[in-house]
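Heads up: the structure comes next, in structure tokens.
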């Protein structure tokens, strides 16, 4: 270890992996509905797509979690994006392709993909 | 200088002093038990605790360094109470067999009880019980009497660097012992007996040989000859109330004659003989390219140390037996023949300042034609006991001479008993033999004194002879290591196992720790020998008329075939463990 | 790079290891693989979470679900329900974390709420075998700051200003200790860490080393920089295999990263660290004995002065701090002395880790701000006494400490308050006792420990503690006299005053403090020949109530020594001279006819 910069680099690199354990919870949460209905509708590949896309972009401070059924089974797979100080956005009838777009536009560029949201579907 | 207050009195002492030393200078005697000057300073027994203002607990004066402005109370009620309690605890785990103890009335524990006013055994409880280790030919260890001051451990490990005893187990079960609980006899113990000299109580003592000697004296069939080593005369008087450093040669000779020995001779003659043989050996090695340095062999503790720890130096050892072994061999051959005594009936007793001599005389090499050179070795202490048992009023004895022949030992023989003495005796003879002219000054100041390692260079026949003298095996180790590493080179080395040489040997009267604090015992006893040397008219071994006669009539010349048969020996490497 | 969406943190501390966490971790890995989740869910073996009573424990992030008492057969359910489908397995959740069907953060439960984790901050949070995780949580930042921004004097001043005191028990100001060593002129100096935790029931240091070994390494390097030492030794007991292993891994990783070794952070500061294993002698926790042991000699203390800061290891200036003290150092450097000084009391700053044990519901490890009261620890954090029993006393400071009685429960826990009430902080063992504990027996228990652990060097400790134990035993056997109590007290004081080291000087504390607060119990043993708590066997009797005894003979059949006899269907009798007081009869009796007197 020859410099503080080197230390900082290791810190940043690792932080991405462990941010979910930090108690302050300032990150964006991607919540995938993974009840039977969700899984049946294809939630699993959707979640995998989110995980892959986030990893690809090396995004820290984003966590992917699951939730149970919220009662709108016909709209599954449902994904909620919860960012601090912002209103929760609910995307419905998700696919792996849509997931990639949500990551690129919503999570990275803070632009909600309105056409996939529950409002548009209704 | 450091200024402090002891019991309200201003005291000023040099830096590095302990509170104990400072108090002593101020005329205050703090009781001690584990402390032994130059040997043991572990602060473990807690007898010397004092109050240091500001310190929470009491502190051990023997290790507490003085510091500017400290205030010490050495005899406050709190201190006295604590000391007494500690002493009572020691007593609760002590066998208290004072009446039958070899150290009765010369025991530091008894003295402490007196000093601290112990009037009852305050604590009763379980006591540790141990088997007595009496398998060594020299030393008896009785842990039932041990107070765990560890003075023996310190002297064995730190001073002598022998390290065969140490503390084992822990807590209440702590004891002093040898590795794997082996008896001392099965270890690399060199039998120097410094542990005995260090012991404040009777936990360590010599293997008693007095009964054997009494039996021989009683036996009408036996012709019992006693010989006494040079250092014995310098210390025996202490057992009879003389100040340290009082030579009692004449009274000792008188006592021996009254005890029933058939003859009483002086081992000094053996010492003169040793000079002749060893000096010749040195000249031979110097002139004929023999193994150098030549190292003296009169200290059996050193010999065993060398056999265990420095087997690579065995060829450097002089092949000469030690003086009393030589003398024993001469008594049973030359003297027996001359006097018409059956050597088989002859019983030679050596009185030595040494317990290692007990081991030495039992070595299988120490005999010729099936005759043991020496039949019994007793120490100065045992001789004192025998004198007391004989009802002899030692102090009222007249000064007498040793028996004839061999009564005219030289000053050279006498000084064998102190460190540097053998070297000085050898130099006196070698110089005159080589240079063929008398010495201007008999004394060699450079080899005298109590410094651990002494060095000198003497010119003999145009050649520089480098001489080194070490006393105490720790110093011997240092010296040998410096030779091993190639850092130093010598032609002649004198090594004595005991610090100070034979005057402070393991068989000498035991001084208390307090005595050592006030008096340099080894220097005082050495002084007695040097005074004796000055008193004598013949001060060089080669001028001893009895020795000359011995060579003329029997041995022919030093290093002859006969002398090799009788006066020389060999050594063997021994394992360290 | 794969993104991991969930972390399963399994406690791999010694406590959970003994309750079977290894098998659970293995099962977790198997189940994850079976469900194809091994890439997106990471299993991390951490250090101790603190709630050892609930082990094996597991936390799943990002949700922060705290599963307790997990068994291998539960793992499949956790994987299939929670990790795969997102349905939390409620039945395994630590009950306190469930509130109105919601999951409370662990920090809000009683056990953790009052805690303030500084020394334990990373324990149970990071993977102790992964230096990157430590670095991610600001690890080695403090060392970097010291080496590049602060002078050694600055470092010492900061530590002094923080008010940090030694967590090993003595409470000596750490900064001052460093200052003394820094002032000693010598080309060679040493930094040592005391991980020879030996108090019965204490495991603070073990948990830190198991959970966050790098914190100690970083702190020792900082100490080395501050005093001018380039070599450190961690003296750790060989009975802590997990801690030893993790510490060694951590040292190796730090060396690989150049955080130990030569030219750290491109400066000219060099520091190396080695582990020295202790053979488990309690006295080797005493600083001079510890150093003697590192030197390869029999572990025995030596008198001070000279103090280690002047002449320590191999006679060179040395500092020795305990594990917990070191664990605070990087935080102080990172957050500042003022931040640290804002916690705790006036003279005792920061927090203290305690190992809660004995008669208490939440046995485990807690870290609390100094000044928290004993009542808060026992009743709130510790969850009170099991089975509705009454609190009688708490023992702190291990064999060197004392017992705190119920009426002093509101004493704030800090160095000086504890000393004032006859106990001491010690390294942090806290054992709770209820009405079923006999205080004479407790004193005897601790004394037996010191008698066993005395090194035997000095007289008062070697013989004195033994005699003390003999007197105490006499009392518990009903053979004591009132004079014995006085004699014992007197002996206690002389052992305290005269012993060579801290072990002996504090050995009588358990006796003295129980004498101080529970003298009546001693007197009951002596005068009335009764053990009020019914613990001391020699003073208790098992009796059969003839009214209740149905004469079923079960007790007679269960008695291992044949002390019970009688005719079937009439009351049985216990022969007191034969009875060994094992209690088998009483626990077997279906009619409650047997009682203890």
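Protein chains in written order, with the numbering used here: chain A, 1 to 122; chain B, 1 to 577; chain C, 1 to 597. Glycine is no exception: its CB is placed at the ideal position from the N, C-alpha and C atoms.
Min CB distance residue i to chain B below 8 Å
| i | result |
| --- | --- |
| residue 582 of chain C | no |
| residue 498 of chain C | yes |
| residue 451 of chain C | yes |
Below-8 Å beta-carbon distance, residue i vs any chain A residue
| i | result |
| --- | --- |
| residue 112 of chain C | no |
| residue 62 of chain C | yes |
| residue 1 of chain C | Here residue 1 of chain C scores only 43 on pLDDT, less than 50, and its place in the model is too uncertain to base an answer on. |
Nearest neighbour of residue i, chosen from the options [CA to CA]
| i | options | result |
| --- | --- | --- |
| residue 330 of chain C | C:129, C:89, C:156 and C:94 | C:156 |
| residue 263 of chain C | C:422, C:147, C:396 and C:523 | C:147 |
| residue 482 of chain B | B:508, B:453, B:48 and B:458 | B:453 |
| residue 210 of chain C | C:376, C:337, C:13 and C:110 | C:13 |
| residue 304 of chain B | B:199, B:571 and B:107 | B:571 |
| residue 277 of chain C | C:325, C:344 and C:196 | C:196 |
| residue 367 of chain C | C:490, C:48 and C:511 | C:48 |
| residue 295 of chain B | B:27, B:83, B:12 and B:471 | B:471 |
| residue 53 of chain A | C:99, C:4 and C:17 | C:4 |
| residue 90 of chain C | C:515, C:216, C:531 and C:65 | C:65 |
| residue 36 of chain B | B:158, B:126 and B:142 | B:158 |
| residue 258 of chain C | C:334, C:284 and C:271 | C:271 |
CB contact below 8 Å: residue i versus chain C
| i | result |
| --- | --- |
| residue 261 of chain B | no |
| residue 20 of chain A | yes |
| residue 163 of chain B | no |
| residue 569 of chain B | no |
| residue 15 of chain A | yes |
Endpoints, alpha helix (DSSP H) assigned at residue i
| i | result |
| --- | --- |
| residue 146 of chain C | 141-149 |
| residue 339 of chain B | 336-339 |
| residue 26 of chain C | 21-34 |
| residue 153 of chain B | 151-154 |
| residue 17 of chain A | 4-18 |
| residue 301 of chain B | 300-309 |
Beta carbon of residue i nearer than 8 Å to that of residue j
| i | j | result |
| --- | --- | --- |
| residue 234 of chain B | residue 503 of chain B | yes |
| residue 164 of chain C | residue 44 of chain C | no |
| residue 42 of chain B | residue 150 of chain B | yes |
| residue 322 of chain B | residue 300 of chain B | yes |
| residue 95 of chain B | residue 144 of chain B | yes |
| residue 123 of chain B | residue 92 of chain B | yes |
| residue 324 of chain C | residue 208 of chain C | yes |
| residue 418 of chain C | residue 377 of chain C | no |
| residue 513 of chain B | residue 108 of chain B | yes |
| residue 490 of chain B | residue 526 of chain B | no |
Residue i: first and last residue of the uninterrupted beta strand (DSSP E) it sits in
| i | result |
| --- | --- |
| residue 12 of chain B | 9-13 |
| residue 275 of chain B | Where residue 275 of chain B is concerned, there is no enclosing beta strand (DSSP E), although the alpha helix (DSSP H) it sits in stretches over 268-288. |
| residue 194 of chain C | 190-195 |
Exercise. Three or more beta-carbon pairs under 8 Å between the stretch 21-32 of chain C and the stretch 559-566 of chain B, yes or no?
Worked result: No, the stretch 21-32 of chain C is not in contact with the stretch 559-566 of chain B.
Exercise. Do the stretch 496-505 of chain C and the stretch 444-462 of chain C touch if we need at least three Cβ pairs shorter than 8 Å?
Worked result: In short, these stretches touch, since the Cβ pair count reaches three.
For this session: Evaluate contact between the stretch 214-233 of chain C and the stretch 301-308 of chain C, counting only Cβ atoms and requiring at least three cross-stretch pairs below 8 Å.
Result: In short, these stretches do not touch, since the Cβ pair count stays below three.
Exercise. Would you say the stretch 414-427 of chain B touches the stretch 491-503 of chain B, given that touching needs at least three Cβ pairs under 8 Å?
Worked result: At 8 Å Cβ cutoff, the stretches touch.
Exercise. Are the stretch 161-176 of chain B and the stretch 222-232 of chain B touching by the rule of at least three beta carbon pairs closer than 8 Å?
Worked result: Verdict: no, contact absent.
For this session: Say whether the stretch 112-124 of chain B touches the stretch 77-91 of chain B, bearing in mind that this needs 3 or more beta-carbon pairs closer than 8 Å, one atom from each stretch.
Result: Touching, per the Cβ criterion.
Exercise. Is the stretch 90-99 of chain C touching the stretch 60-78 of chain C in the sense that three or more CB pairs, one from each, lie closer than 8 Å?
Worked result: Counting C-beta pairs with one atom in each stretch, the stretch 60-78 of chain C and the stretch 90-99 of chain C have three or more that are closer than 8 Å, which means they touch.
For this session: Could you tell me whether the stretch 52-68 of chain B touches the stretch 15-24 of chain B, where touching means 3 or more Cβ pairs closer than 8 Å?
Result: They touch, by the three-pair rule.
Problem set entry | At least three beta-carbon pairs within less than 8 Å, the stretch 188-204 of chain B to the stretch 348-362 of chain B | Taking a cut-off of 8 Å on C-beta distances, the stretch 188-204 of chain B touches the stretch 348-362 of chain B, as three or more cross pairs fall below it.
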